[in-house]
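What follows is a set of notes on a single structure, which appears directly below.
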Amino acid sequence: MENVIREVFNEVWKRQKGTEPPPLDADTLLLEIGLDSLGFAIVVTQLDEKLGFDPFSIAQDAYYPQTFGEFVAFYKKYAPKI
Amino acid sequence: MRSFRTRLEDRHPDLPLLVTEQKRLRLDDLALPPESDTSCPDGKVPARIALSLRAPEALIAALARLDGRAEAILLVAPALPPGLVAGLVTASGCDYVVSDRANLPGAVPPEALVELGLSRLHGGVTEWIMTTSGTTGQPKMVRHCLTSLTRTVTPMANLTSRPVWGLTYEPTRFAGMQVLLQACFGEGTLAVPDLGADIRTVLSFFARHGCSHLSATPTLWRRFLMHPDLAGLALRQITLGGEIADQAVLDALARRFPGARITHVYASTEAGVGFSVRDGREGFPTSFATDPPKGVAMAVRDGRLWLRPEGSASEYHSEQRLSRDADGFIDTGDRVAQRDGRYVFLGRDTGVINIGGVKVHPEEVERVINALDGVGMVRVGARSNRLVGALLTAQIVPSEPVADETAFVDRVLAHCRAHLMREAVPATIRLVDQLETNAAGKIRRA
C-alpha cells in the first residue's frame, strides 16, 4: 500500500511540477512539500483508480491526515478487506 | 445613503483597522484628506475609476475617497495580467487606472487620487464593479453598490472582545470584500497576510495577530485542517463559502473549535443574494422554503433552487442573462435534493463545475483542447472529489493513431496550462476510441 501511494505521489508530482519529487517520511507534513489542494485531489483520484477506493469518500468520521504517515494509515484503515 | 468613508468614521478611533506583516494601522493612519463638499465644477464629468492595488491600506483609503464621489469603481485583482486589466478598463468605460503595481502602463499611483478633486455625487450612488473569475482567465463583471454589498454585514453586538478578521480571499472579489466590509463596519480589525505566503506563514500570521474570525472556502478549510498550526488559532467565528460545504468539513471544524460559531454561506452570483446556515449541518433546513432567512424568498422547483431578493433587487445587476419568473424568482442553476428534513446541494445544473471555489465551464475547456493538432473529439466532465469538490476529466479521441500516449497527454496538458486557469486543466486525461453519444448524436455529458 505505502509503495503504491509513494509511486502515485511521485508520478503526480513529476507531471504537475516537472521536477524530482521530494523525499516522503512518515512525519513529513503533506502541506509543506509544495503540492496544493488540487495536487492532493489528483493524488486521491489516481489512487482511487489504482486501488479501487477513496477513504475520503467512505470515511464516516471527519478526518484530514496531516503527515505522510497518517495519510498512509488512513488508506490502510479503509482498504477493502479481502 | 451613507458612504464608505462616513461609515468608516463611525468606528472607535483607537481601534486598529488593519494589520499586515509590516504594519498596524488605525483609521487616522490612512491620512484621509478633510472631506470637502464642493459642488461639481462646470463641465466636469463624474469619473469612473479602476483600482488595482496590492497594498490593502491603499485599497481601503481609495474606497474611502471614491465611494459617493466617483460614478463607478472597478475593482481589479492586483495579480490580474495587464492585458486583461486593459480589457476590463475599456469594457467598463473607466477614465483612470489607479494602481501601485509596476506593470500597468498609464496607471496613476494612489496618491494621485487627491489631485482628482472629485466632488460629491448628487442624487447618485457609486457603482462598485466587481469581477468573477472565468475559465480562461478572462473575468466577468458584476455590478454592485455599497448597500447591496453590506446587506449581510452586521454590527457587532458584543464589543467586549473585538473581532479580528483574517483575510484569505482576494479583497477585490465578492467574498473578500464581504470580509473587508464586515471588519471595517463591524468594529473589527482586518488581518491581511502577504500575497502568496505559504500556509505555515499564513497560519502563524493569523495566530500572532489574534485572528478570531475567519472566512474561507471549504477547500481552504480542509487544507488548514491538514496543518498542525491551525491549533494555534483561537477562532470564535468560522465561515465557509464559495462552494458546497460537506458534513465532513463542518464536523472536523466543530471538533477542532468546539466553542466557535460555524456558518456556511450560500450565495448566488446569478440572484445577487444568499443566506447563511448556522446549525452545523450540511445543506439547509427544508423549512427555509416556507420560512426563509431575512432578505430572501426561496422556492425549490424540479430540484433546482430559485431565489428572490427582497426589496432592493434593483440595486444589483448581473451581466449574465437571468431566468426570472413572473413572481421575481431567479433560477440559481443550483441543484438540491431533499434528505432527512434538509435540502442538500448537488452541484450546478448549468454544466458549470465548481473546483475548489473556481467555476469552470467544461465547454470552454473542450474548445481549448479541440484547437490542438491531433485532437479529433474531446469530452470534458467532472468527477467528485472530497478535497476540492470536483475534478475535471477529459476523454480524447485522437484524430490519428497515437504512438506515444504519454507524450500526447503531456502535450495536451502543456497546451491546457498555457491557455487555461490552473483549476480548468483536466486532472485526468484518457485517450479513447470513441465518445458516448446520445440518440440525437450529441456528446453525452456524464
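The listed protein sequences derive, respectively, from chains Y and L.
With my numbering, letter number 25 in the first sequence gets 33, and the count goes up by one each step, no holes.
With my numbering, letter number 274 in the second sequence gets 917, and the count goes up by one each step, no holes.
Ideal Cβ positions, reconstructed from N, Cα and C, are used throughout, including at glycine.
Taking the alpha carbon of residue i as the point to measure from, which residue in the options has its own alpha carbon closest?
i	options	result
E714(L)	L727(L), A693(L) and G726(L)	A693(L)
L1035(L)	H1058(L), P798(L), G1017(L) and E1009(L)	E1009(L)
H907(L)	R899(L), A874(L), A826(L) and I887(L)	I887(L)
P659(L)	A1025(L), D934(L) and D671(L)	D671(L)
R865(L)	K84(Y), P88(Y), P73(Y) and G77(Y)	P73(Y)
L792(L)	K783(L), M820(L) and N997(L)	M820(L)
R697(L)	S847(L), G971(L) and L723(L)	L723(L)
V916(L)	T975(L), F867(L) and L1078(L)	T975(L)
A980(L)	N1013(L), V1011(L), T929(L) and N1028(L)	T929(L)
V1040(L)	D837(L), V845(L), P861(L) and M1020(L)	M1020(L)
A67(Y)	D894(L), N746(L), L731(L) and P1069(L)	D894(L)
D945(L)	Y986(L), G938(L), A969(L) and K937(L)	Y986(L)
L46(Y)	E57(Y), Q24(Y), L55(Y) and T36(Y)	Q24(Y)
A850(L)	L810(L), V1023(L) and N1013(L)	L810(L)
V1011(L)	P1044(L), L1063(L) and V943(L)	L1063(L)
V1031(L)	D44(Y), G77(Y), D69(Y) and Y71(Y)	D44(Y)
V822(L)	L761(L), G780(L), P871(L) and G884(L)	G884(L)
S858(L)	G875(L), A826(L) and H870(L)	A826(L)
F843(L)	F17(Y), I41(Y), E19(Y) and V16(Y)	A small correction: the amino acid at residue 843(L) is Arg; Phe does not occupy that position in the sequence shown. Of F17(Y), I41(Y), E19(Y) and V16(Y), the residue nearest in Cα terms is I41(Y).
R899(L)	Y909(L), L868(L) and V807(L)	L868(L)
Using a Cβ-Cβ distance cut-off of 7 Å, determine whether residue i contacts chain L.
i	result
F76(Y)	no
T27(Y)	no
V16(Y)	no
F48(Y)	yes
Y86(Y)	no
F64(Y)	yes
L38(Y)	yes
Can you give me the C-alpha to C-alpha distance between residue i and residue j, rounded to a whole angstrom?
i	j	result
A877(L)	G902(L)	9 Å
A1090(L)	L948(L)	Here chain L covers residues 644 to 1089 and nothing more, so residue 1090(L) does not appear.
T75(Y)	V796(L)	38 Å
L989(L)	A891(L)	15 Å
I905(L)	R921(L)	6 Å
P656(L)	A34(Y)	50 Å
T803(L)	L833(L)	17 Å
L32(Y)	A734(L)	49 Å
K22(Y)	P30(Y)	10 Å
R967(L)	G60(Y)	44 Å
N1028(L)	D970(L)	37 Å
S1042(L)	T1049(L)	16 Å
S646(L)	V785(L)	20 Å
Spell out whether any CB of chain Y is found under 7 Å from the CB atom of residue i.
i	result
T862(L)	yes
V916(L)	no
G611(L)	There is no way to answer for residue 611(L), as the model of chain L reaches only from 644 to 1089.
H655(L)	no
L857(L)	no
M1064(L)	no
L1035(L)	no
D894(L)	yes
H870(L)	yes
I905(L)	no
V1031(L)	yes
A1070(L)	yes
R866(L)	yes
I887(L)	no
A891(L)	yes
By a C-beta neighbour count over all protein chains shown, 10 Å radius and 16 as the cutoff for buried, is residue i buried or exposed?
i	result
M773(L)	buried
L824(L)	buried
H852(L)	buried
A9(Y)	For clarity, residue 9(Y) is Met in the given sequence; the question names Ala instead. Under this definition M9(Y) is an exposed residue.
L789(L)	buried
T882(L)	buried
H765(L)	exposed
Q963(L)	Confidence in Q963(L) is poor, its pLDDT being 48 and thus under 50, which makes the residue's placement unreliable; the coordinate value appears in the next sentence. With fewer than 16 other Cβ atoms within 10 Å, it is exposed.
A701(L)	buried
Q665(L)	exposed
L661(L)	buried
M644(L)	exposed
G831(L)	buried
V1075(L)	exposed
T769(L)	buried
Q54(Y)	buried
Any heavy atom of the ligand ZN closer than 6 Å to the Cβ of residue i?
i	result
L868(L)	Of ligands this structure carries none, so the ligand ZN is not represented either.
Is any beta-carbon of chain B found at less than 7 Å from that of residue i?
i	result
A70(Y)	No chain B is present in this structure, whose protein chains are Y and L.
- prompt: Of all the beta strand (DSSP E) runs that stay within the bounds of the segment 858–889 of chain L, which reach a length of 3 or more residues?
  reply: 880–883
- request: May I have a chain-ordered list of the beta strand (DSSP E) segments no shorter than 3 residues that lie completely inside the segment 687–760 of chain L?
  value: 691–695, 715–718 and 739–742
- prompt: Mind pulling the beta strand (DSSP E) runs of 3 or more residues that sit fully within the segment 913–999 of chain L?
  reply: 916–920, 939–944, 947–952, 973–982, 985–991 and 996–998
field: Inside the segment 776–859 of chain L only - beta strand (DSSP E) runs reaching at least 3 residues
entry: 783–787, 807–810, 832–834 and 856–859
message: Threshold first: 4 residues or longer. Then list the alpha helix (DSSP H) segments lying entirely within the segment 995–1072 of chain L, N to C.
response: 1005–1013 and 1048–1062
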